[in-house]
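In what follows, a single structure is set out as structure tokens and then discussed.
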Amino acid sequence: MARLRKFVAYRRLERPYTRTSKFKAKSYIKMTPNVKVVRFDTGDASRDFKFTLNLLSKSDLQIRDNALESARQTSNKLLETHLGLNGFHLKVKVYPYHVLREHALASGAGADRFSSGMAHSFGKPIGLAARVKKGQAIFQVSVDRQNLEVAKQALERASKKLPCSCTIQLTDNKNIK
11 MARLRKFVAY RRLERPYTRT SKFKAKSYIK MTPNVKVVRF DTGDASRDFK FTLNLLSKSD
71 LQIRDNALES ARQTSNKLLE THLGLNGFHL KVKVYPYHVL REHALASGAG ADRFSSGMAH
131 SFGKPIGLAA RVKKGQAIFQ VSVDRQNLEV AKQALERASK KLPCSCTIQL TDNKNIK
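Each step along the sequence shown adds one to the number in this note's numbering, with nothing skipped, and position 88 is 98.
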């Protein structure tokens, strides 16, 4: 299997030119890859918690879906070990809908016989990415007051897996008793 191309090639936000349609003639992308994020909600979603922490992006960029899944797994593991299954609610706030493409050029001996160069350079789908604006929440964790430090640590670990610098914002849910 081929290696993943470095994400520096896809990091910038550009005009999305990846139309998918149920009508073949109107669809530029013929196939959409599966989303690698397994769950967008983990923990106890039915319970109301006193505090909400958001992981905010400091820049405009795209985040690949396998980076989102990796960050979700590390923070979820820490939260589950310290707080149990019902002591938190973790939510992935962005959805990877943007199709990433790669135009693989043939190289090596005999490549001139089957290479079209840049004549048909649209590229084949290789993955998905979420488009994130500056100040947008990527992850959201809801916890009670005694578990704030664990939730902050979980979001810091998640930020290490993402290709951007992030800040953590604390919100007090005052309407809850």
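Ideal placement from N, C-alpha and C gives every residue a C-beta, glycine not left out.
Inter-residue spacing [alpha-carbon to alpha-carbon] between residue i and residue j
i	j	result
Q72	I39	19 Å
L23	K144	11 Å
G127	H113	10 Å
L158	F33	49 Å
V109	F149	21 Å
L95	Q163	17 Å
K184	P135	45 Å
Residues that residue i bridges to, as DSSP identifies them
i	result
V151	L63, L100
A1	The requested residue 1 is not part of the displayed model; the chain covers only 11 to 187.
D58	Paired residue(s): none; D58 is not in a bridge.
T52	L100
I178	L65
Helix, strand or coil at residue i [DSSP, three-state]
i	result
Q163	helix
E79	helix
H108	strand
K134	strand
L158	helix
E24	coil
S169	helix
H113	coil
K34	helix
Per-residue burial, residue i [other beta carbons within 10 Å of its own, 16 or more giving buried]
i	result
F59	buried
A129	exposed
D182	exposed
Quiz item: Looking at C-beta atoms only, is the number of pairs between the stretch 80-98 and the stretch 41-58 that lie closer than 8 Å three or more?
Solution: yes
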